[in-house]
Structure formats: structure tokens, C-alpha cells
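Take a look at the structure below.
Number of protein chains: 2
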Amino acid sequence: MSTKGSVKGLPKAKAEVIAPKRGRPARKETATNKEQQQKILDAAEKEFAKYGFNGTSIQQIADRAELPKANIHYYFASKEKLYLALFDNIIHLWNDHLDEVRVDDDPAEVLARFIRKKVELSYSHPLSSKLFAMEIIQGAPHIRKYIKSEMRTWVRNKAAVIEEWIRKKRMKAVDPVHLIFLIWSSTQHYADFDTQVLTIMNRAEYEREMIDEISDFLCEIILTGCGLKVPAKPR
Amino acid sequence: MSTKGSVKGLPKAKAEVIAPKRGRPARKETATNKEQQQKILDAAEKEFAKYGFNGTSIQQIADRAELPKANIHYYFASKEKLYLALFDNIIHLWNDHLDEVRVDDDPAEVLARFIRKKVELSYSHPLSSKLFAMEIIQGAPHIRKYIKSEMRTWVRNKAAVIEEWIRKKRMKAVDPVHLIFLIWSSTQHYADFDTQVLTIMNRAEYEREMIDEISDFLCEIILTGCGLKVPAKPR
DNA sequence: CAAAAGCCTGATCAAGTGGTCAGGAATTAT
DNA sequence: ATAATTCCTGACCACTTGATCAGGCTTTTG
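Which chain is which? The protein sequence lines are A and B, in order. Those letters in the first sequence? Residues 1 to 235, per my numbering, in order. Those letters in the second sequence? Residues 236 to 470, per my numbering, in order.
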């Protein structure tokens with residue numbers, strides 16, 4: 001997804017914003033500094049992913065991070081800046097793989113790798129997925145621009161490649177954009193709806209075994225549905 | 236899904252709760268009464284679907300319904316009661332169809348009908364879908380019981396039928412539970428993530444044509460993936 | 001008609017909201 | 001050592017939160 005320009009950069013420290021000494025950077029990235037910021041970001045991700053932007057209070061985040069509320073505001077000028085800082089990571093994470101797809105590549109290989117990678121991400125970064133889902137459901141008020149530009153471009157590029165595959169009869173003629181939506185939805189579902197999935201399957205949490213099972217299942221259905229043979233699992 | 240017992244019944248009127256005259260019911264279902272309640276429920280659905288339980292204030296709902304805040308509390312004792320009242324409708328709506336599925340039915344017919352129905356619901360009741368999604372993402376704090384009991388039973392029953400189809404070689408051997416998850420996720424995606432979908436497809440809103448397109452696409456991929464032939468569209 | 005029941009709402013409450021700020025503590029630079 | 005900078009936080013502010021309630025209004029009942 002190659003997100004060069006971040007949604008909104010990590011906020012500069014307050015002091016710098018208020019009284020920026022020109023020339024040398026006013027705030028160094030000290031160890032404590034980074035550490036504290038990460039602590040806040042981690043706590044914020046958990047809370048925002050659970051209650052959305054409006055539903056989360058800074059006090060909640062402060063409690064979770066075990067810091068006084070005012071300290072949050074020292075590092076992040078406003079609730080919104082903190083929220084947006086989280087999306088920097090998420091957007092980078094999201095589709096950075098698959099960027100290098102080419103028309104010459106094998107459709108089955110590419111799609112299988114894509115599906116497995118997305119399932120893996122749902123497993124390794126469920127909070128990011130939930131946070132993103134929340135934001136979209138609410139109408140993407142904070143990242144609308146990103147969807148309209150980078151994300152749309154990304155989808156169109158991938159769709160063009162898939163269309164080329166179809167033209168060359170390397171796979172069945174299916175709508176490429178909906179295919180991308182299908183892979184997104186079916187994979188992210190396991191992160192966003194983990195409560196429902198785990199409850200119905202009577203599990204406490206995901207395990208490696210189950211993740212592989214899910215990947216295999218989705219590859220099987222989707223690739224077959226595209227008229228492709230599922231490639232042997234790598235490794 | 237046959238939800239006989241509602242999650243929590245529509246709240247009785249305050250007066251009745253506080254001073255229940257025994258014998259005859261204290262509050263009749265007058266026209267105004269029902270009308271007002273529906274107005275509140277509609278407004279509440281819109282707001283809760285957008286901001287979740289914690290993120291929505293009663294004032295917001297009151298503004299949207301064009302009623303004074305205190306009037307909301309007249310009909311619904313608490314924010315939670317109002318919230319739960321919404322899930323009565325949703326849960327009834329959700330999977331009431333497909334209840335009558337039998338082992339003798341044609342797998343392709345049943346799955347195709349299921350997919351089309353779910354896409355249709357995403358189109359006709361996007362707010363219900365979003366509200367449900369929000370609740371699940373947040374860990375289903377208010378409807379956990381329902382998922383653990385009725386919903387789990389429902390899934391198991393349907394999965395048993397699918398397994399029987401597989402045993403009889405009427406379709407490919409795929410995990411029935413994951414198949415249900417796949418249909419849920421891929422169809423609901425178009426309601427929950429409508430902002431993303433529409434933005435990327437450069438549309439203002441869904442139209443009949445596009446809904447049919449989506450249904451056809453999902454039927455094609457999923458049924459083929461299950462080793463089934465897509466049945467001719469009814470009508 | 002009058003009495004009763006149901007309907008409605010402005011005013012009010014304690015608790016919580018995002019955000020500010022003065023000033024002290026800790027660290028770093030000179 | 002001393003000065004400068006950065007880090008931290010308790011106290012505070014105006015505003016919003018969910019909820020209550022007294023009292024007036026309207027409709028139904030007898």
C-alpha cells in the first residue's frame with residue numbers, strides 16, 4: 001500500500017510546537033520519551049479498538065497506561081492527534097505486502113499468499129484491524145482522504161493486474177474489485193468478530209493450528225472459486 | 236434463528252414499573268405511544284450504529300429524534316434498555332430465514348438463497364448490521380448470552396446439515412462452520428464497510444444493479460468453491 | 001362534566017469530559 | 001556548578017454525561 005505520506009505525523013512535543021527553536025530539533029528521541037509514547041499508544045489502541053473514538057476517554061487510556069491524564073496531553077496535544085497517530089502504524093501495516101505484484105506472477109500463488117498474509121495479520125494485529133473497522137463503520141471521518149486516494153489507487157492497480165490475468169485466461173472471469181473485497185472481509189472477520197467466532201467455536205483464543213485451518217479453508221474456497229488450483233503450502 | 240425469548244423485552248412504561256396496578260395493564264399501546272417509541276428507536280439505531288454504546292449520548296439521540304432528552308427517559312428507563320430494545324429487532328431479522336433447511340434440500344439452492352438473502356439484508360438494513368458489528372467488535376458485552384446459546388445452536392444445526400451433504404457427496408468437503416463465517420463476513424461487509432466500498436467504487440450509494448452484481452459474484456465464488464453449480468437465478 | 005391515567009419536559013444533579021496551566025522535578029548542556 | 005531544557009503532574013475550567021423529578025399538559029374513562 002506504500003503509504004509515503006503518513007495520515008498525520010506523530011505529533012511533535014508540545015514545547016516544540018509552542019516555542020520551536022529554529023535550527024536544531026528541540027526534542028530528541030530519548031529512550032524514555034519513545035518508551036512513554038509507545039506505552040500511551042499501546043493503551044490507546046486497546047481502548048479505541050474497544051470503544052471507538054467517541055466512546056473512549058483520555059482518562060481510560062491514562063488508567064490503562066498507568067499514567068496521569070495530563071501526561072497523555074503532554075505527548076499528544078489532543079485526543080484526535082493521538083487517535084490519528086495510531087493510524088500511521090495501521091496503514092503502513094495494512095497492505096504493504098502484495099505491493100510488488102506483477103502481471104507475470106502466478107495468480108494462484110499471489111492470491112494464496114495474499115490470503116495467508118491477511119489471516120496472519122488478523123492473528124498478529126487484531127487490535128489494528130478492529131480499530132480500522134470501527135473507523136470505517138463510523139463513516140471513516142478521520143481517514144476518508146486516505147481511502148479516496150491511496151487506497152483507491154491501490155485497489156485499482158491490483159484490479160488491473162487481475163484483469164490482465166483474466167484476459168490471458170489464467171483465471172476465471174470474476175470481478176476483481178469484489179474479489180479484493182471478499183478477501184478483505186473474510187480474513188478481517190476473524191480479527192474483528194473474534195468474540196463471535198471464538199464463542200461459537202467454543203475456544204478461549206486463537207491458536208496456530210486454527211489459523212492455518214482458516215487460511216487453508218479460505219484459499220480452498222476462493223482460489224477454486226476463481227478457477228485456480230491451490231498451490232502447495234510454502235515451507 | 237427463531238428467537239423466541241427476546242434479549243430483553245421492550246421496557247414497560249416508567250409509571251407502570253414504578254406503580255404497577257395489579258390486574259389490568261397500566262399502559263395501552265396507543266398510536267402516539269408506539270409512534271414516539273419508534274421515532275426514538277429509529278434515532279437510537281442511527282446513532283448507536285455510528286458511535287457504539289459508549290460513544291453515543293442520549294442527547295444525540297434526542298436531537299436526532301427531535302425530542303427533549305427527558306422524553307427519551309420517559310419511554311426507556313436507561314440508555315442500556317434502549318440499546319437492548321434495538322437488538323430485539325436485529326436478532327429476529329438476522330437469520331430467521333434458512334431456519335427450515337433440511338438435509339433433503341439442494342445444497343446449491345440453499346446456499347445461494349442464503350447468500351442472496353444476506354446481501355439483501357445488508358442492503359435493506361445496513362444500520363442493523365452496523366449496530367451488530369459494533370457490538371461484536373466491542374466484545375459483545377450486551378449480547379454475549381445470546382451468542383453463546385441461540386446463535387451457537389443455530390450454527391451447529393446448520394453445520395450438521397452441511398456435514399450431511401458432504402457425507403452424501405453432494406458437495407465438496409469444506410469446514411461447515413467456516414463456510415458460515417465466510418458467508419456472514421462477505422455479505423455483511425457491504426453494509427458495515429459501505430463507506431469504504433462506495434468510496435473505492437466511486438459511488439454515492441448502492442443501487443439495485445450493484446446489489447445483484449454482488450450476490451452473483453459471491454454465489455459464483457462460494458458455490459464453485461464448494462464444488463457446486465450456481466443455480467439459475469429465480470424469477 | 002370531573003377524575004384518573006398517561007404523556008411530556010424544564011430544571012437540576014453528581015459525575016465525568018477534553019483540555020489547560022503553573023510550577024516543580026529530572027535530565028542535559030555548558 | 002549553573003543554566004537551560006525537557007519531563008511530569010495536581011489542580012482547575014467550562015462543558016457534557018446519564019439520570020431524576022416535580023409539575024404541567026393532554027387524553028381517556030366513568
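The C-beta atom is built at its ideal place from N, Cα and C for all residues, glycine as well.
The beta carbon of Leu453/B is closer than 6 angstroms to those of Ile350 and Ser421 in its chain, skipping five residues each way along the sequence. For Cys226/A, no alpha helix (DSSP H) run applies, since DSSP gives it neither H nor E. When Phe193/A, Ile137/A, Glu120/A and Ala160/A are compared, the shortest CA-CA separation from Arg102/A is found for Ala160/A. Residue environment analysis places Glu100/A among the exposed positions, since fewer than 16 neighbouring C-beta atoms fall within 10 angstroms of its C-beta. Here Pro342/B carries a helix assignment [DSSP, helix/strand/coil].
Residue state for Leu67/A is assigned as coil, using DSSP reduced to three classes.
Scanning its chain for C-beta atoms nearer than 7 angstroms, with the 5 sequence neighbours on each side dropped, one finds around Leu86/A the residues Leu41, Ala44, Glu45, Phe48 and Leu131, in chain order. The stretch 340-350 of chain B makes no contact with the stretch 300-308 of chain B; the number of CB pairs closer than 8 angstroms stays below 3. Contact between the stretch 134-154 of chain A and the stretch 419-439 of chain B is present: three or more C-beta pairs spanning the two stretches fall below 8 angstroms. Burial is judged here by how many other beta carbons sit within 10 angstroms of a residue's own beta carbon; Gln294/B has fewer than 16 and is exposed. Taken through DSSP and simplified to helix, strand or coil, Pro361/B comes out as helix. Secondary structure of Val119/A (DSSP, three-state): helix. Across the stretch 69-84 of chain A, no CB contact with chain B closer than 8 angstroms is found for any residue.
Between the stretch 450-468 of chain B and the stretch 174-182 of chain A there are three or more inter-stretch CB-CB distances shorter than 8 angstroms, so the stretches are counted as touching. One Cα belongs to Lys39/A, the other to Ile162/A, and the distance between them is close to 41 angstroms.
Closest in C-alpha terms to Lys169/A, from the list Trp154/A, Leu228/A, His189/A and Lys148/A, comes Leu228/A. Separation of Glu164/A and Trp419/B (C-alpha to C-alpha, rounded to the nearest whole angstrom) is 30 angstroms. Of all residues in the stretch 129-142 of chain A, the ones placed with a Cβ closer than 8 angstroms to any Cβ belonging to chain B are Lys130, Ala133, Met134, Ile136, Ile137, Gln138, Gly139 and Ala140, in chain order.
Looking at Asn157/A, Phe53/A and Met201/A, the one whose alpha-carbon comes closest to that of Thr388/B is Met201/A. Of the residues Ile449/B, Ser313/B and His360/B, the one whose Cα lies closest to the Cα of Asp175/A is Ile449/B. DSSP, reduced to helix, strand and coil, places Val409/B outside both helices and strands of the structure shown, so it counts as coil. Spatial neighbours of Ala300/B in its own chain (CB-CB distance under 7 angstroms, excluding positions within 5 residues in sequence) are listed in chain order as Lys274, Ile275 and Ala278. Between Arg64/A and chain B, the shortest Cβ-Cβ separation is not below 7 angstroms.
By the neighbour-count criterion, in which 16 or more other beta carbons inside 10 Å mark a residue as buried, Lys233/A falls on the exposed side.
In terms of Cβ geometry, Ser124/A and Ala191/A do not form a close pair [threshold 7 angstroms].
Within the same chain, and ignoring the five residues on either side of Ile401/B in sequence, the residues whose Cβ sits closer than 7 angstroms to its Cβ are Ala408. For the C-beta of Asn289/B, the chain A residues within less than 7 angstroms are, from N- to C-terminus, Tyr51 and Gly55. Ala232/A: not part of any alpha helix (DSSP H); DSSP gives it neither H nor E.
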